[in-house]
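Student: Heads up: the sequence shown is residues 7 to 140, going by the working numbering. For glycine and all other residues, C-beta sits at the position ideal for the given N, C-alpha and C. Keep in mind the model is a prediction, meaning the values are calculated, not measured.
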Amino acid sequence: MTNTQVRLLFFVAGVYDFVIGLTFLFFGPRLFDAAGVPHPNHWAYIYFGSLMLVIFGLMFFAVAGNPTANRNLIPYGILLKLSYASLAGYYWITTDCPLLFKPFAVIDAVTIIAFWMAYTACRQDEIAKTAGSE
7 MTNTQVRLLF FVAGVYDFVI GLTFLFFGPR LFDAAGVPHP NHWAYIYFGS LMLVIFGLMF
67 FAVAGNPTAN RNLIPYGILL KLSYASLAGY YWITTDCPLL FKPFAVIDAV TIIAFWMAYT
127 ACRQDEIAKT AGSE
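#1: With 16 as the cutoff for other CB atoms within 10 Å, does ILE80 come out buried or exposed?
#2: Return yes when at least one heavy atom of the ligand MG lies under 6 Å from the C-beta of ASN76, else no.
#3: Could I get the ranges of all uninterrupted alpha helix (DSSP H) runs contained in the region 91–118, with 4 residues as the minimum, in chain order?
#4: Among the candidates GLN130, ARG129, ALA124, whose CA atom is the shortest distance from the CA of PHE17?
#5: My understanding is that TYR53 touches LEU31, with C-beta atoms under 8 Å, so please give their C-beta distance in whole angstroms.
#6: In whole angstroms, give me the CA-to-CA distance for THR100 and ARG129.
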């Protein structure tokens, strides 16, 4: 994976999480109604997750800006995606997961692999730069 590809990956991931976070933050009740998903007993549960997505979106923009320097942030993105994909996947398999949440689980599962590839590419880039400066 080239540096340009890593930058593009994290820019797209930043937009994706930022927009999803804002959508659930500002339109959560309408989105749940449109998808036929029962409302939570308190919207703070949804709003907190929404704000976390906005924050992670900003983090992904930082990685896109300088992937090698911000390589240390990539594992946190992997953990975010792993957390959501595994929880949604678990409920999808064992009980029920509303259709609203299933596409995000699939996209996040694919993103885990892409983030790992980017992490590895940034490490190789870091090694090459270190070897070149000696």
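Tutor: Result, derived from the coordinates:
#1: Counting from 1 along the sequence shown, the entry for residue 80 is found at position 74. Buried.
#2: This structure lacks the ligand MG; in fact it carries no ligand of any kind.
#3: none
#4: Here residue 17 is taken as the residue at index 11 of the sequence shown, counted from 1. Checking every option, the nearest Cα to that of PHE17 belongs to ALA124.
#5: The residue labelled residue 53 in the question sits at position 47 within the sequence shown. The residue labelled residue 31 in the question sits at position 25 within the sequence shown. Contact between TYR53 and LEU31 holds, since their C-beta atoms are separated by about 6 Å, short of 8 Å.
#6: Indexing the sequence shown from 1 puts residue 100 at position 94. Indexing the sequence shown from 1 puts residue 129 at position 123. So the alpha carbons of these two residues sit roughly 38 Å apart.
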